[in-house]
Ligand SMILES: Cc1ncc(C[n+]2csc(CCOP(=O)(O)OP(=O)(O)O)c2C)c(N)n1
Ligand code: SF4
Ligand code: SF4
Ligand code: SF4
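Protein chains in written order, with my numbering: chain A, 499 to 747; chain B, 151 to 218.
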């Protein structure tokens, strides 16, 4: 029989600590598939965040470093500049990237650092138990917003992709969703492109992956994917916001 | 050899493969694995079209798919 789907080689053959149905696992597979397809495992260096993905270094079969909360783009900058031949990627949640690490990501994009950023936006702080993130939707409940996020005193959620797409050094910025087989296929293409952007030396690349946190959202995994489609996608539209063809300035 | 192979001990019983299979060919087993989850199993080999959707949606890299 012909093999139609095999487990990516750039993943370690072990179980993860992620909750059942958490889309972190799907993102891990897509990143590993891109590394396999582009044959860059020997050159790939990942930077793990603080958040549920803190142990990513145990799950990928390539070199890895772990950064302080939100500082992965700064660590990746240092690695890429010291070892220009390496293919460097960060893997960051929305608490890590959009909250405590907001400055690092903006300035890495401004400098046009040749790194690839995998940004997992699940609209909540997963690891610490479901607090409100800068990306939590208006009305969405969190442990620190028991009545739902209120715009009057918390403001409106940050659209990171749109914001970074205004920065001249950003070469590739896209938003995808891990919510259906079709959207996962599109996410695979975008993540591969974000690595190709780095390989071509074109500048900063980021893929925002709309994701679920079934545990802290209080939903079953499938229900969480439907909630994502019905609530997150209308506020966070999918697509490419900047491409190398469009021209990094 | 079956069309869909499950690394049963890695399964967390999340049910995403069951929900997304276009042929409704997967079910959760009665037994539990060493993690304590009911693992997913292929119940309807005949109707499986080897599309790979179950494997693509599985967060835990449990599934590999083969086409005759
Ligand atoms: C300097 C510092 N501040 C705060 C924390 C607590 N903390 C750990 S993870 C986290 C946020 C995680 O959320 P996110 O980045 O969205 O990742 P997720 O767990 O949802 O994948 C916070 C605030 C910390 N570890 N270090
Ligand atoms: S807490 Fe949420 S983000 Fe973290 S592993 Fe569980 S489901 Fe995933
Ligand atoms: S390969 Fe397709 S048809 Fe077969 S079990 Fe998986 S999802 Fe269902
Ligand atoms: S999607 Fe994967 S982990 Fe979830 S039930 Fe199916 S095989 Fe098990």
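Beta carbons are placed, not taken as given, at the ideal position from N, Cα and C, and that holds for glycine.
Taking C-beta pairs closer than 8 Å, name the residues in chain A that residue i reaches, listed in chain order.
i, result
"residue 216 of chain B", "499, 500, 501, 502"
"residue 202 of chain B", "502, 503"
"residue 213 of chain B", "503"
Going along chain B, which residues have a C-beta under 7 Å from residue i?
i, result
"residue 720 of chain A", "165, 166, 169"
"residue 679 of chain A", "170, 203, 206, 207"
Would you list the one or two residues that DSSP bridges to residue i?
i, result
"residue 706 of chain A", "A/617, A/673"
"residue 569 of chain A", "Bridge partners of residue 569 of chain A: none, in fact."
"residue 590 of chain A", "A/617"
"residue 178 of chain B", "B/190"
"residue 647 of chain A", "A/636"
"residue 544 of chain A", "A/562, A/587"
Under 9 Å Cβ-Cβ, which residues of chain E neighbour residue i?
i, result
"residue 173 of chain B", "In the structure shown, chain E does not exist; the protein chains are A and B."
Can you pull the chain B residues whose beta carbon is under 8 Å from the beta carbon of residue i, in chain order?
i, result
"residue 682 of chain A", "206, 207"
"residue 519 of chain A", "162, 164, 165, 166, 209"
Show which residues of chain A have a CB atom less than 7 Å away from the CB atom of residue i.
i, result
"residue 151 of chain B", "499"
Give the interface partners of residue i over in chain B, defined as CB-CB distance under 9 Å, in chain order.
i, result
"residue 555 of chain A", "Under the 9 Å cutoff, chain B gives no residues; its nearest Cβ is about 17 Å from residue 555 of chain A."
"residue 507 of chain A", "None at all; the shortest Cβ gap to chain B is about 11 Å."
"residue 516 of chain A", "162, 209, 210"
Cβ contact (3+ pairs, closer than 8 Å) linking the region 151 to 170 of chain B and the region 179 to 193 of chain B: yes
The region 708 to 728 of chain A / the region 556 to 572 of chain A touching (three or more Cβ pairs under 8 Å): no
Residues of the region 572 to 600 of chain A whose Cβ lies closer than 7 Å to any Cβ of chain B, in chain order: none
Validate contact between the region 200 to 216 of chain B and the region 735 to 743 of chain A using beta carbons, cut 8 Å, 3 pairs: With the rule of 3 Cβ pairs closer than 8 Å, the region 200 to 216 of chain B does not count as touching the region 735 to 743 of chain A.
Three or more C-beta pairs below 8 Å linking the region 661 to 678 of chain A and the region 688 to 708 of chain A: yes
The region 640 to 655 of chain A in contact with the region 677 to 691 of chain A per 3-pair CB rule at 8 Å: no
Three or more C-beta pairs below 8 Å linking the region 630 to 643 of chain A and the region 608 to 618 of chain A: No, the region 630 to 643 of chain A is not in contact with the region 608 to 618 of chain A.
Short-range partners of chain B found in the region 683 to 699 of chain A, where Cβ spacing is below 7 Å: Nothing from the region 683 to 699 of chain A brings a Cβ to less than 7 Å from some Cβ of chain B.
The region 687 to 697 of chain A in contact with the region 714 to 727 of chain A per 3-pair CB rule at 8 Å: no
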